[in-house]
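If you count the sequence shown from 1, you need to add 355 to reach the numbering used here.
Working notes for the structure below.
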Amino acid sequence: MKRIPLPLLAAGLLLLASCAKQSDAIKVGEYASLTGKEAGFGQTSHHGVVLAIEEINAAGGVLGKKLELAYEDNQTKAGESATAVKKLLSREKVIALIGEVSSGRSLEAAPIAQAAKIPMIAPAATNPKVTETGDYIFRVCFIDPFQGTVMAKFALTDLRARKVAIISSVSNAYSVGLAKFFTATFTKGGGMIALEQKYSEGDKDFRAQLTAVKAAGVEAIFVPGYYTESALIVRQARDLGITVPFIGGDGWEDEQLLKIAGDALNGCYYSTHFSPENTDPAVGKFVGKYKARWNGEVPGAFSALGYDAVYVLADALKRAGTTDGAKLRDALAATKDFAGASGVTTIDQDRNATKPATIIAIKGGKLQFHKTVAP
Numbered sequence: 356m357k358r359i360p361l362p363l364l365a366a367g368l369l370l371l372a373s374c375a376k377q378s379d380a381i382k383v384g385e386y387a388s389l390t391g392k393e394a395g396f397g398q399t400s401h402h403g404v405v406l407a408i409e410e411i412n413a414a415g416g417v418l419g420k421k422l423e424l425a426y427e428d429n430q431t432k433a434g435e436s437a438t439a440v441k442k443l444l445s446r447e448k449v450i451a452l453i454g455e456v457s458s459g460r461s462l463e464a465a466p467i468a469q470a471a472k473i474p475m476i477a478p479a480a481t482n483p484k485v486t487e488t489g490d491y492i493f494r495v496c497f498i499d500p501f502q503g504t505v506m507a508k509f510a511l512t513d514l515r516a517r518k519v520a521i522i523s524s525v526s527n528a529y530s531v532g533l534a535k536f537f538t539a540t541f542t543k544g545g546g547m548i549a550l551e552q553k554y555s556e557g558d559k560d561f562r563a564q565l566t567a568v569k570a571a572g573v574e575a576i577f578v579p580g581y582y583t584e585s586a587l588i589v590r591q592a593r594d595l596g597i598t599v600p601f602i603g604g605d606g607w608e609d610e611q612l613l614k615i616a617g618d619a620l621n622g623c624y625y626s627t628h629f630s631p632e633n634t635d636p637a638v639g640k641f642v643g644k645y646k647a648r649w650n651g652e653v654p655g656a657f658s659a660l661g662y663d664a665v666y667v668l669a670d671a672l673k674r675a676g677t678t679d680g681a682k683l684r685d686a687l688a689a690t691k692d693f694a695g696a697s698g699v700t701t702i703d704q705d706r707n708a709t710k711p712a713t714i715i716a717i718k719g720g721k722l723q724f725h726k727t728v729a730p
């Protein structure tokens, strides 16, 4: 009989042990924009995801097993989310997917997850079309019809504006949808959209659009875009002498917003999902744990939603008692009154979360909790 040298035998045993260890884990996939133009979205969401998985594992895991995270960076590039999800499903054999913050990139991935019958939970993709993809697609955030309504009513009642302009992106599903829902509520409430100006993702010069807006004499300007373009728009508007308030949605949610536009944002407002200044004890507890894990970094809305997405998944796994896709899907659909960092989550019949919105005010170059608006 041929003898196996001890070093090779030991290496083989270690490999077998490693494989056994991996097979004992429940593998969860995440795809996010960790680099590229909107890396701020993905990085903060990813930090929330990692923190939640570490906490769950420290508490003993789920179904007697640890959670193992496999993640892919889509680099904020069109088409890369589909590639990332295919890799996570085929190579990593994940039982569920977390991601993405962007509605557009979520819409790339959702059909793939649906076809594979693997549940996907979007932390912050607010466009209604995301969950309309199919019955395996969920989210733990509110949707744009609610967010658009909230900001339209805020413009009418809090700002007392009756004549506004909209500056939206033609190439962003999130921006197009939010502008549509804002317009419907604002005009129904007696307001008038004086004009809507368009731009494309990646644009840097908005003076032509802003010159037209200035001439219209509006009382407020709604910019349903992502933080890079939105910040540049506000900064250039102030340079042109436009002093009215700008309002936006959760696409403004990133520390780069203030870094780009600074004091030009004073007097502006946006809707989002969470504020670290909220006095709710659950929020304070989460903020403390997050800052301790990430070297003092203050969590944003996408941090809280990424964190909650993992905990909602873990809760569903416990109730399902299995990682089977169909049973896990049914357990996710039955989620009710789940208390998390971003509030209480109940999944409705369309697999959307019924959640309150938070209004952030920008004063003195700082973000301030303004108020919470219930569904």
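Note that CB positions come from ideal geometry on N, CA and C, so glycine has one too.
- Tell me where the beta strand (DSSP E) around Ile411 begins and ends. Ile411 -> not in any beta strand (DSSP E); alpha helix (DSSP H) instead, spanning 394–413.
- Message: Let me confirm a value: Gly403 is counted as buried when at least 16 other C-beta atoms fall within 10 Å, else exposed. Which label applies?
- Response: Buried.
- Item | Through-space distance from Pro474 to Leu683, alpha-carbon basis | Approximately 7 Å, taken between the alpha carbons.
- Task: Taking the CB atoms as reference points, tell me whether Val440 and Ala464 lie closer together than 9 Å.
- Result: Their beta carbons are under 9 Å apart, which means Val440 touches Ala464 by this criterion.
- Is the number of C-beta pairs between the region 633–647 and the region 385–393 that are closer than 8 Å three or more? Counting C-beta pairs with one atom in each stretch, the region 633–647 and the region 385–393 have fewer than three that are closer than 8 Å, which means they do not touch.
- Query: Hey, how far is the Cα of Asp705 from the Cα of Thr438?
  - Reply: Their Cα atoms are separated by approximately 26 Å.
- Near Tyr666, which residues of its chain fall below 8 Å by C-beta distance, leaving aside the five closest residues on each side in sequence? Leaving aside the five residues that flank Tyr666 on each side, the residues in its chain whose CB is nearer than 8 Å to its CB run, in chain order, Ala407, Ile411, Phe693, Gly695.
- Applying the criterion that 16 or more other CB atoms from any shown protein chain within 10 Å of the CB defines a buried residue, is Lys710 buried or exposed? Within a 10 Å sphere around the beta-carbon of Lys710 sit 16 or more other beta-carbons, which makes this residue buried.
- Item | Limits of the unbroken alpha helix (DSSP H) element including Ile450 | DSSP places Ile450 outside any alpha helix (DSSP H), giving it a letter other than H or E.
- Could you spell out where the alpha helix (DSSP H) holding Ala686 opens and where it closes? Start and end: 680–688.
- Is it right to say Asn650 is buried, meaning 16 or more other beta carbons lie within 10 angstroms of its own, or is it exposed? Under this definition Asn650 is an exposed residue.
- Message: Does Thr390 come out as helix, strand or coil in the three-state DSSP assignment?
- Response: Coil, per DSSP.
- Query: In this structure, what does DSSP give as the bridge partners for Phe601?
  - Reply: Its beta-bridge partners are Ile576.
- Once you ignore the five residues that flank Pro600 on each side, which residues in its own chain have a CB closer than 7 Å to its CB? Excluding residues within five positions, the ones whose Cβ falls inside 7 Å are Leu514, Ala575, Gly622, Cys623, Tyr624.
- Task: Return the bridge partner residues of Gly698 from the DSSP annotation.
- Result: Looking at the DSSP output, Gly698 sits in a beta bridge with Gly695.
- Task: Report yes if the C-beta of Phe509 is less than 8 Å from at least one heavy atom of the ligand GDP; otherwise report no.
- Result: The ligand GDP is absent from the structure shown, which contains no ligand whatsoever.
- For Cys623: DSSP bridge partner residues: Answer is Ile717.
- Gly643 to Gly572, Cα distance in whole Å? Using only the alpha carbons, I get a separation of about 45 Å.
- Presumed contact (8 Å Cβ cut-off) between Thr677 and Thr690, rounded CB distance: That belief does not hold up - the Cβ atoms of Thr677 and Thr690 are roughly 16 Å apart, past 8 Å.
- Which partner residues of Val417 appear in the DSSP bridge assignment? Val417 is bridged to Lys420.
- For Pro579, I'd like the list of residues in its chain whose CB is within less than 6 Å of its CB, leaving aside the five on either flank, ordered along the chain. A distance below 6 Å between beta-carbons, with the five flanking residues on each side excluded, links Pro579 to the following residues of its chain, in chain order: Ser523, Ser530, Leu533, Ala534, Gly604.
- Query: What are the residues that DSSP puts in a beta bridge with Leu550?
  - Reply: Paired residue(s): Ala520.
- Taking 9 Å as the cut-off, decide whether the C-beta atoms of Leu672 and Val417 are in contact. Taking a C-beta distance under 9 Å as the contact criterion, Leu672 and Val417 qualify as a contact pair.
- Query: What three-state label does DSSP hand Val495 in the structure shown?
  - Reply: Of the three classes helix, strand and coil, the one that applies to Val495 here is coil, per DSSP.
- Any 3 or more C-beta pairs closer than 8 Å across the region 551–560 and the region 613–621: Counting C-beta pairs closer than 8 Å gives fewer than three between the region 551–560 and the region 613–621, which falls short of the contact rule.
- Item | Burial state of Ser445, where buried means 16 or more other Cβ atoms lie within 10 Å | Per the 10 Å Cβ criterion, exposed.
- Where does the unbroken beta strand (DSSP E) through Ala647 begin, and where does it stop? Here Ala647 belongs to no beta strand (DSSP E); instead the alpha helix (DSSP H) covers 636–648.
- So which of Thr488, Leu511, Lys484, Ile476 has the shortest CA-CA distance to Ala669? The shortest CA-to-CA distance from Ala669 to any of Thr488, Leu511, Lys484, Ile476 is the one to Ile476.
- Task: Can you check DSSP and say which residues form a bridge with Met475?
- Result: Per DSSP, the beta-bridge partners of Met475 are Leu452, Ile492.
- Query: Which of helix, strand or coil does DSSP assign to Leu722?
  - Reply: In the structure shown, Leu722 sits in a strand (DSSP, three-state: E or B).
- Task: Alpha carbon to alpha carbon, how far is Phe509 from Ser436? Give it in angstroms, no decimals.
- Result: Cα-Cα distance, rounded: 34 Å.
- Residues that Lys382 bridges to, as DSSP identifies them: Glu423, per the DSSP bridge assignment.
- Query: What's the gap between the Cα of Glu409 and the Cα of Gly454?
  - Reply: One C-alpha to the other measures close to 18 Å.
- Query: When the Cα atoms are used, what is the spatial distance from Ile717 to Leu620?
  - Reply: Roughly 6 Å between the two C-alpha positions.
- Helix, strand or coil: which one does DSSP assign to Asp428? Asp428 falls in the strand class under three-state DSSP.
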